[in-house]
Ligand SMILES: Cc1cc2nc3c(=O)[nH]c(=O)nc-3n(C[C@H](O)[C@H](O)[C@H](O)COP(=O)(O)O)c2cc1C
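Numbering (the numbering used here), first residue to last: 72 to 375.
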């Protein structure tokens, strides 16, 4: 019998649909070993930028009571110099390696993406939630015109597939369509959602940077909406991410239009076994609903 969970995104063949989300673990070669031990179908790196970045002062990650995390990590990473060792370590597992690429301009993104290709990565995931250098700090992904020009420039110089990761914004569907038009082979939806927590005893914001990115259970319905609305307009290859804790959350994103999904915050709350549990849960769900293959149910919520 074939493998019912086989899938593909951006031309990458995947044994099953569950990858890790960027950034939950770091950028060191041994982190790639840990990610592989989670039984993911592809390894996704933390975002690399061209130059090393320090990150912010603690506290940078706060666990909220209801399956949420608030983080302001500040994209700390060793820069391009750390990229090669990570990719070489990840490649020994024989599964696709996706390098998350960050930067504030097309030139910077191209430099990092080219280094990822050179190091042997299978695809890049452009993190469009980075602030735009010339755009007054506005997230790149919030402006469909910037998305279009940046993605066109990056995809014109790369041979490996470009996956574009977008956060939620009122221009999401437009940005997604422009990214695809400009050469993106797939979309990853969504990044964290802006949030804040206050300590009512110290009367101060909890995070040193005041605002942060909310992830985990509270953002799941936002991710389902994002995937559903982008798939409806584009039928694109989508990697759904946001608050996947159980196989049911993953199944929801798949039926909304995702060909693969990523798991981030659940690894913090549920531990490393969560990926294998989601994969097995998806397998029995397909049997329960009488479907032979995951491909049959991608985007099924759109069919009447
Ligand atoms: C601590 C932490 C660090 C993150 N770092 C990155 C990053 O470097 N690049 C990126 O694209 N997304 C980053 N994210 C966002 C996740 O990849 C994901 O899009 C988001 O957390 C929603 O998924 P989740 O609810 O499963 O965590 C980070 C999230 C967390 C919680």
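Using N, Cα and C, we set each Cβ at its ideal position, and we do this for glycine too.
Distance CB(residue i)-CB(residue j) smaller than 8 Å
| i | j | result |
| --- | --- | --- |
| residue 259 | residue 231 | no |
| residue 92 | residue 334 | yes |
| residue 297 | residue 141 | no |
| residue 169 | residue 195 | yes |
| residue 372 | residue 307 | no |
| residue 150 | residue 340 | no |
| residue 84 | residue 257 | no |
| residue 261 | residue 312 | yes |
| residue 88 | residue 365 | yes |
Contact set for residue i: own chain, Cβ-Cβ below 6 Å, skip 5 residues either direction
| i | result |
| --- | --- |
| residue 152 | none |
| residue 160 | 100, 103 |
| residue 119 | 148, 154, 183 |
| residue 124 | 146, 147, 148 |
| residue 95 | 335, 338 |
| residue 186 | 151, 154 |
Sequence-distant residues of its chain with Cβ nearer than 7 Å to residue i (five each side left out)
| i | result |
| --- | --- |
| residue 295 | 323, 324, 327 |
| residue 448 | As displayed, the chain neither begins before 72 nor continues past 375, which places residue 448 out of reach and without an answer. |
| residue 354 | 75, 76 |
| residue 245 | 215 |
Cβ-heavy atom distance, residue i to ligand 1, below 7 Å
| i | result |
| --- | --- |
| residue 95 | yes |
| residue 146 | yes |
| residue 378 | Any property of residue 378 remains undetermined from this structure, which presents the chain solely from 72 to 375. |
| residue 234 | no |
| residue 263 | yes |
| residue 140 | yes |
| residue 337 | yes |
| residue 118 | yes |
| residue 103 | no |
| residue 74 | no |
| residue 153 | no |
| residue 314 | yes |
| residue 92 | yes |
| residue 183 | no |
Burial state of residue i, where buried means 16 or more other Cβ atoms lie within 10 Å
| i | result |
| --- | --- |
| residue 287 | buried |
| residue 281 | exposed |
| residue 330 | buried |
| residue 126 | exposed |
| residue 227 | exposed |
| residue 274 | exposed |
| residue 367 | exposed |
| residue 136 | exposed |
| residue 302 | buried |
| residue 342 | exposed |
| residue 290 | buried |
| residue 241 | exposed |
Neighbourhood of residue i by C-beta, 8 Å cutoff - its chain only, sequence neighbours within 5 removed
| i | result |
| --- | --- |
| residue 222 | 197, 233, 235, 249, 250, 253, 254, 255 |
| residue 107 | 114, 161, 164, 166 |
| residue 219 | 249, 250, 252, 253 |
| residue 279 | 127, 128, 129, 130, 131, 143 |
| residue 351 | 318 |
| residue 90 | 111, 112, 113, 114, 115, 169, 310, 331, 332, 333, 334 |
Residue i beta carbon near ligand 3 (any heavy atom closer than 7 Å)
| i | result |
| --- | --- |
| residue 286 | In the structure on display, ligand 3 does not appear, and the ligands it does have are ligand 1. |
Contact with chain D by residue i, beta-carbon distance below 8 Å
| i | result |
| --- | --- |
| residue 173 | In the structure shown, chain D cannot be found, because there is only a single protein chain. |
For this session: Quick one: which unbroken beta strand (DSSP E) runs of 3-plus residues sit fully inside the segment 98-138? Chain order, please.
Result: 132-134
Problem set entry | Ranges of the alpha helix (DSSP H) found wholly within the segment 153-204, counting only runs of at least 4 | 154-162, 177-190
Exercise. For the segment 265-327, which segments carrying the alpha helix (DSSP H) assignment without a break, of at least 4 residues, lie completely within its bounds, in sequence order?
Worked result: 291-305, 318-327
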